[in-house]
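Notes to accompany the following structure.
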Amino acid sequence: HPIVAEKARRFIYVADGAGIGILIASTLRDAEAQADIFSMARTTPGPHANTKRPMGFTVTQNPPGDSMHEYGCAFDVYPTINGRLVKSISPCDWRVWLHLAEIAKMPRINLQWGGRHRPKDGLRELWHFHYSAGLTAQELAAGARLPDVNIGTIIAPTNEIKSGSKKPAAPRKRRAGGK
60 HPIVAEKARR FIYVADGAGI GILIASTLRD AEAQADIFSM ARTTPGPHAN TKRPMGFTVT
120 QNPPGDSMHE YGCAFDVYPT INGRLVKSIS PCDWRVWLHL AEIAKMPRIN LQWGGRHRPK
180 DGLRELWHFH YSAGLTAQEL AAGARLPDVN IGTIIAPTNE IKSGSKKPAA PRKRRAGGK
């Protein structure tokens, strides 16, 4: 969706300004791709399968039809710091994820972060960000759509995003006589 794409661009821009590179790993996917990802570590081996965890780790908590990715409202990221891929939740890496969450919450970016809550299965999708204008996946599946708005009315100019507020006004020139 164009609004989500613009929000993602702004998110990447601000993260870059904070010294965090962003690699986009996944955006729009169809139900078949969502089913494949959902099956990881449930019915097929997932990432990091080993003798201790033969099925590996789950990648998503959302089955087909229940993912914002299927409606063009989500993207997954991998952050980098000085060229190093951040993929763990060590205390140092956790701070990177929390910083990205703060960037996502900026009023003119307004993305929701998948690491915000710990769901029933314990999987926090740290890499997941989405914008749905308050709509649920079920509402989107039933035909609801993100509002058709002028992107400029919901996305701030770059200088507003970078500083977190509007550019300060230029100082007023003083009138002759000191008033």
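Under this note's numbering, the first residue of the sequence shown carries the number 60, and numbering increases by one thereafter.
No residue lacks a Cβ here, since even glycine has one placed at the ideal position from N, Cα and C.
Do three or more CB pairs link the stretch 181–201 to the stretch 94–101 at distances below 8 Å?
no
What is the DSSP secondary structure of glutamine 120, counted as helix, strand or coil?
In the sequence shown, counting from the first residue as 1, residue 120 sits at position 61. Correct three-state label for glutamine 120: coil.
Using a Cβ-Cβ cut-off of 8 Å (strictly less than) and excluding sequence neighbours within five positions of tryptophan 156, which residues of its own chain qualify?
Here residue 156 refers to the residue found at position 97 when the sequence shown is read from its first residue. Same-chain partners within the cutoff: Pro138, Val145, Ile148, Gly174 and Leu185.
So, for alanine 100: in the same chain, excluding its five sequence neighbours on each side, which residues have a beta-carbon less than 6 Å away from its beta-carbon?
On the sequence shown, residue 100 is found 41 positions in, with the first residue counted as 1. Contacts found: Met114, Gly115, Phe116 and Thr117.
Determine the DSSP secondary structure at arginine 143, reduced to helix, strand or coil.
Position 84 of the sequence shown, counted from the first residue, corresponds to residue 143. Arginine 143 falls in the strand class under three-state DSSP.
Taking 8 Å as the cut-off, decide whether the C-beta atoms of leucine 7 and histidine 128 are in contact.
Absent from the structure is residue 7, since the part of the chain shown begins at 60 and ends at 238.
Cut-off 6 Å between Cβ atoms - residues of its own chain near glutamine 171, not counting five sequence neighbours on either side:
Sequence index remark: in the sequence shown, residue 171 carries index 112 (1-based). Here the set comprises His189.
What does the Cβ neighbour count give for cysteine 132, buried or exposed, with the cut at 16 atoms within 10 Å?
The residue you call residue 132 lines up with position 73 of the sequence shown. Flag for cysteine 132 reads buried.
Between alanine 163 and phenylalanine 70, which are expected to be in contact by the criterion C-beta below 8 Å, what is the C-beta distance as a whole number of angstroms?
To locate residue 163, count along the sequence shown from 1; it is residue 104. To locate residue 70, count along the sequence shown from 1; it is residue 11. Sure, about 6 Å apart at Cβ, within 8 Å.
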